[in-house]
Structures are given as C-alpha cells and as structure tokens.
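Peer 1:
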Amino acid sequence: MPKSRIRKKAEFTPPAAKTTAIKLDSGRSWVAPLMLAMFLIGLAWIVTFYVTSGDMPIDAFGNWNIVVGFGFIAAGFVVSTQWK
1 MPKSRIRKKA EFTPPAAKTT AIKLDSGRSW VAPLMLAMFL IGLAWIVTFY
51 VTSGDMPIDA FGNWNIVVGF GFIAAGFVVS TQWK
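The numbering of the sequence shown is the numbering used here, which starts it at 1 and goes up by one.
Right under this line is the structure:
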C-alpha cells in the first residue's frame, strides 16, 4: 500500500502590530491638584481642631469641625472620580 504524503502546514506568522502613541493628556490637569488640596485641607482642619483642643478652626462649630474636615476629604474623593 502506498504511503500518503505528509502535508506541511504553512507556519503561522502573526501580522505586524501597529504601534500607536498613547495620548496621556486628557485635558483634566486640574483634577490631581484639586484632589490633593481637598485631602490636605480636610486633614489640616481635623488636625488643627484636635491640636487646639476644639478652639480652632471655628469655635462655634464645636465637634462639627470633624464633619467639616471629613467633608473636605469626601469632596476630594468625589473629585478623584474625574481623574483619567
């Protein structure tokens, strides 16, 4: 009985990948500085409240100064959602 020929498959060569430049400038350069500023203002507000035993930054707020500080920090997190 005759032997069949062994078929060779053509070797696979992947198509050349196109290199494209990634554009990093999203036009939102204000987000990172504002986010960090909000974090730092909130932290400074809370630290000032604790260091001065509640006399500063606003004496009339009392313990609500903690809420104001965390409000700045929360606003920083809200701003961070705009970061690309």
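Just so it is clear, CB atoms sit at the ideal spot from N, CA and C, and this is done for glycine as well.
Quantities reported herein were computed from a predicted structural model and do not represent experimental measurements.
With respect to the alpha helix (DSSP H) encompassing N65, which residues constitute its N-terminal and C-terminal limits?
Peer 2: Sequence index remark: in the sequence shown, residue 65 carries index 65 (1-based). 64–80 is the extent of the alpha helix (DSSP H) around N65.
Peer 1: What three-state label does DSSP hand T56 in the structure shown?
Peer 2: Position 56 of the sequence shown holds residue 56. The sequence given here has Met at residue 56, not Thr. Residue state, collapsed to three classes: coil.
Peer 1: Among the residues of its own chain, which have a CB less than 6 Å from the CB of G42, if the five just before and after it don't count?
Peer 2: Residue numbering aside, residue 42 sits at position 42 when the sequence shown is read from its first letter. If we look at G42 and ignore the five residues flanking it on each side, its Cβ neighbours are G69, F72, I73.
Peer 1: In this structure, how does DSSP classify T48 when only helix, strand and coil are distinguished?
Peer 2: One-based indexing of the sequence shown puts residue 48 at position 48. Helix, per DSSP.
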